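Chains as they are written, first to last, in UniProt numbering: chain S, 1 to 507; chain H, 1 to 157.
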Amino acid sequence: MLDLLWNGLVNIAQWKYLLPLFAGTFIGVVGGSLPGVTITMTVIVVLPFTYGLDPLAGLAAMTGVYVGGSTGGLIACCLLGIPGSPASIATTFDGFPMARNGEPGRAIWLGVWASVWGGLLGALFLVFLTGPLAAIALEFGPWEYFSLFVLAMAMVAGLTESSLLKGLISTAIGLLITVVGHDPIGSVPRFTFGSQFIGGGFPFLPVLIGIFAFAQIMTDLEKLNSPRGQPAQSLVGVKLERFSHLKVNLEIFKQPFLLAWATIVGLIIGILPAIGGSASSVMAYDQAKKFSKTPERFGRGHPEGIIASEASNNANVSGSLMTIMAFGIPGDAVTAVMLGAMTIHGIQSGPLFISQNPDIAYGIYAAYILAHPCMLLICVMLMPLMLRVTSVRMAVLAPVVLVLCVVGAYALNNTMQSVYVLLLFGVVGYVLVKLGFPLAPLILGLILGDQIEINLVRAIMTDANPWLFLTRPISGLLLLAAATSVGLAIWQHWRHQNRMAEEEPDF
Amino acid sequence: MSIGRDGIAGLVLLAISLVLLVKSFQLPSLPIVPVGPGFYPAIVLSLMAAASALLVLQDLLKRRAPAGVGDAPRRNYRLVVIAFAIVGAYVVLLPLLGFRVATVLFVGALQAALDRPRTVRQWVVLATIALGTAAASYFIFERYLLVLLPRGAWTGF
Chain S
1 MLDLLWNGLV NIAQWKYLLP LFAGTFIGVV GGSLPGVTIT MTVIVVLPFT YGLDPLAGLA
61 AMTGVYVGGS TGGLIACCLL GIPGSPASIA TTFDGFPMAR NGEPGRAIWL GVWASVWGGL
121 LGALFLVFLT GPLAAIALEF GPWEYFSLFV LAMAMVAGLT ESSLLKGLIS TAIGLLITVV
181 GHDPIGSVPR FTFGSQFIGG GFPFLPVLIG IFAFAQIMTD LEKLNSPRGQ PAQSLVGVKL
241 ERFSHLKVNL EIFKQPFLLA WATIVGLIIG ILPAIGGSAS SVMAYDQAKK FSKTPERFGR
301 GHPEGIIASE ASNNANVSGS LMTIMAFGIP GDAVTAVMLG AMTIHGIQSG PLFISQNPDI
361 AYGIYAAYIL AHPCMLLICV MLMPLMLRVT SVRMAVLAPV VLVLCVVGAY ALNNTMQSVY
421 VLLLFGVVGY VLVKLGFPLA PLILGLILGD QIEINLVRAI MTDANPWLFL TRPISGLLLL
481 AAATSVGLAI WQHWRHQNRM AEEEPDF
Chain H
1 MSIGRDGIAG LVLLAISLVL LVKSFQLPSL PIVPVGPGFY PAIVLSLMAA ASALLVLQDL
61 LKRRAPAGVG DAPRRNYRLV VIAFAIVGAY VVLLPLLGFR VATVLFVGAL QAALDRPRTV
121 RQWVVLATIA LGTAAASYFI FERYLLVLLP RGAWTGF
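Given below as structure tokens:
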């Protein structure tokens, strides 16, 4: 395995891969540091540039965006007091107070170094655990796959912040989108209403780009020109104080348990499907506070808060990559785009991915590992630029991002059809967000829809007994876990409502 | 008992799922294959219909806070409608004017709509960004990444 990893590292160290990786990481750091531009949006912007590249070069660029974006967000956290990307939300709690106390350099670099170490620790798990996980998945038959996908969707629907019902509906909409077009077994057209436009079904990437990019940009535009748009005490353009990188690293390694625990929290959240970096950052921060000897210092510029949040959001990336490589299930929206990019290049994700495409699999590991030094180098060289980039206006960003979204959709197969789909789902995505429907379950449904149907039909064709889904041990366990996850979500919701009712004064 | 936004959304989704559910039953069954093409959509649509119905019910039973309560930030929906209209126009004009012309117009128009330039200098910056975006994306995609961008049916450019 180490041989393969070494080969992967040597392979990625070639210019044709290193350049896209470096460029991707740079764009990731910039995109991450722009408030209102999420990592998903950045990876969507980069997507069309990867169409013409070698598959590994494209995936290296996207991995770079993912790693760079997870770190870049902390710059806005420390200077503006608002997260540059949702993944670094908890960094704001201590990063901004520390920067306002006259230590912006310490705050930013603690975050950058914690990201590097958290990410590299996560890489160990990525390299050594993905193979065994995929080996387990190789034992799966269609029943187990079907149940695994159901579990993934049940977890996502249950874990969304809004109601479980809306999560379930969102999942169903995602699944429904995949049903439109020809059925996978007999090619019978379904729900096409005789239209040529939807006859071939909705292509995955334009739907994904439309839903995510438009929902995000349009929601940002709502807040434009409002008095709340600009943070009050921005530190943009501030000069960093003198500090020592060695001291910052000592500060991180003084608490190895904190670093390791934050990494593990990030990794686990990353492995769970479709829960993004924001959850891992907040959860690791919360854990750090619980285990800290000085919890009262959290929220006032405590280094432990920054370390926990940043180490975990980079480790989260390795967890997401593990899920996509071992099971073909995206850990979040960014890996969903990566999965789409793989499909364009004809690479089948899933448990056979590593054994069938070892060059690409180990290339992705290598890209993930090398993205960290690249990110560090970019931060060291370009920090003065980064400190200013956070102030780029949305009026300039939005049109440029939208042009790249249109190009991304058009260039898929050089037809305007994909651009119309993009616009259609842009409107759908925005309306759903405004109605409070979470988008993560929809995307998961969209990605897994075909696979769920194929595995369901395959299972029934192999043996018509429907009880096999429950009586085969792994499949049964997975379905039980899915039911438990939904039950838990209902219980939590019920408890939350009861608490609210108790707190409400009854006149 | 009054219906809120969730209730209306639930009703619309319920209607869509029921119509499609009927359609899925009308799909032909295939020989040899034990389940027809309508089998899986019917499961998904039943789930969606049930969840939508529950959403309507939940909304009807919900205790509502009196209107006007809460400190929601003011949202600029006018800008969102304008932005969608400009994107719509861009998508329509793209095959007619071609990528280069349409993109210059789109980037310029959207920037002006989002943040109207007041001085000559601001107009120059706007025009530079519009031209720069179109030129840079055209150059990178067509020259380096071998992606063919739309040519205009009217302009031939």
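Don't be surprised by glycine CBs; every beta carbon is placed ideally from N, CA and C.
Small disclaimer: the values here were computed from a predicted structure and weren't measured.
Spatial distance of Leu5 (chain S) from Ile369 (chain S) (CA atoms): 10 Å
Counting along the chain, where does the alpha helix (DSSP H) carrying Arg300 (chain S) start and finish? Premise fails: Arg300 (chain S) is in no alpha helix (DSSP H) and is neither H nor E.
Taking only beta carbons into account, state which residues of the stretch 173-192 of chain S come closer than 8 Å to chain H, listed in chain order. Ile173, Leu175, Leu176, Val179, Asp183, Ile185, Gly186, Val188, Arg190, Phe191
Helix, strand or coil for Pro31 (chain H)? Go by DSSP, reduced to three states. coil
Output, in chain order, the set of chain H residues within a Cβ distance shorter than 9 Å of Met153 (chain S). In chain order: nothing, as chain H lies at least about 10 Å away.
From Ala482 (chain S) to Ala152 (chain S), what does the alpha carbon distance come to, in whole angstroms? 8 Å
CB of Gly266 (chain S) within 8 Å of CB of Gly331 (chain S), strictly: no
Distance CB(Ile27 (chain S))-CB(Ala366 (chain S)) smaller than 8 Å: no
State the DSSP-derived secondary structure class of Gly98 (chain H), mapped to helix, strand or coil. strand
Just to confirm, does Ala107 (chain S) get its C-beta within under 7 Å of one of the non-hydrogen atoms of the ligand SAM? Among the ligands in the structure shown, none appear at all, so the ligand SAM cannot be discussed.
Are the C-beta of Thr103 (chain H) and some C-beta of chain S separated by less than 8 Å? yes
Where Pro31 (chain H) and Phe197 (chain S) are concerned, what is the direct C-alpha to C-alpha distance, given to the nearest angstrom? 28 Å
Is it the case that the stretch 338-355 of chain S contacts the stretch 203-218 of chain S, given that we only count it when at least three CB pairs across the two stretches are under 8 Å? yes
Contact check, Thr130 (chain S) vs Met375 (chain S) under 8 Å by CB: the rounded distance? In fact, because the Cβ distance is near 22 Å, the residues do not count as touching under 8 Å.
At the 8 Å Cβ level, is Ser137 (chain H) part of the contact set with chain S, yes or no? yes
Checking contacts by CB at 8 Å: is residue 174 (chain H) closer than that to chain S? With chain H covering 1 to 157 only, the question about residue 174 (chain H) has no answer from this structure.
Quick check on Leu9 (chain S): does DSSP put it in helix, strand or coil? helix
Please report whether the beta-carbon of Val69 (chain H) lies at a distance below 8 Å from any beta-carbon of chain S. Residue placement at Val69 (chain H) is flagged as unreliable, the pLDDT there being 48, under the threshold of 50; the coordinate-derived value follows with that caveat. With 8 Å as the cut-off, Val69 (chain H) does not count as an interface residue toward chain S.
DSSP three-state call for Arg458 (chain S): helix, strand or coil? helix
Does the beta carbon of Phe507 (chain S) come closer than 8 Å to any beta carbon on chain H? With a pLDDT of 39 at Phe507 (chain S), under the threshold of 50, the modelled position of this residue cannot be trusted, and the question is left open.
Chain C contact for Gly52 (chain S) (CB, 8 Å cutoff): The structure shown contains no chain C; its protein chains are S and H.
Under a three-way DSSP split, which group does His345 (chain S) fall into? coil
Counting only beta-carbon atoms, is Trp5 (chain H) nearer than 8 Å to chain S? Correcting the residue type first, residue 5 (chain H) is Arg in the shown sequence and not Trp. At least one chain S Cβ lies under 8 Å of Arg5 (chain H).
Going straight from the alpha carbon of Gly7 (chain H) to that of Leu439 (chain S), what length do you get? 19 Å
Spatial neighbours of Leu488 (chain S) within its chain, please: CB distance less than 8 Å, with the 5 preceding and 5 following residues excluded, ordered by chain position. Gly158
Here's a check: name, in chain order, each residue in its chain whose Cβ is nearer than 7 Å to the Cβ of Ile89 (chain S), leaving out the five neighbours to either side. Pro83, Ser278, Ser281, Val282
For the candidate residues S:Met1, S:Tyr66, S:Gly167, S:Lys254, whose alpha-carbon lies nearest to that of Leu444 (chain S)? S:Gly167
Going by C-alpha to C-alpha distance, which of H:Val35, H:Val22, H:Leu114 sits closest to Asn76 (chain H)? H:Leu114
Cβ separation of Ala336 (chain S) and Ile447 (chain S), assumed to be a contact under 8 Å, to the nearest whole Å: 6 Å
Listed by chain order, chain S residues near Val33 (chain H) by CB distance under 8 Å: Ile185, Gly186, Val457, Met461
Take the Cβ of His302 (chain S) as the centre, count every other Cβ of all protein chains shown within 10 Å, and call the residue buried at 16 or more, exposed below. buried
Neighbourhood of Arg74 (chain H) by C-beta, 7 Å cutoff - its chain only, sequence neighbours within 5 removed: none
To the nearest angstrom, how far is it from the Cα of Gln255 (chain S) to the Cα of Ser312 (chain S)? 15 Å
Taking the CB atoms as reference points, tell me whether Leu164 (chain S) and His496 (chain S) lie closer together than 8 Å. no
Which listed residue (H:Lys23, H:Val33, H:Leu149) has its alpha carbon closest to that of Leu96 (chain H): H:Leu149
Ala134 (chain H) to Thr38 (chain S) span [Cα, whole Å]: 23 Å
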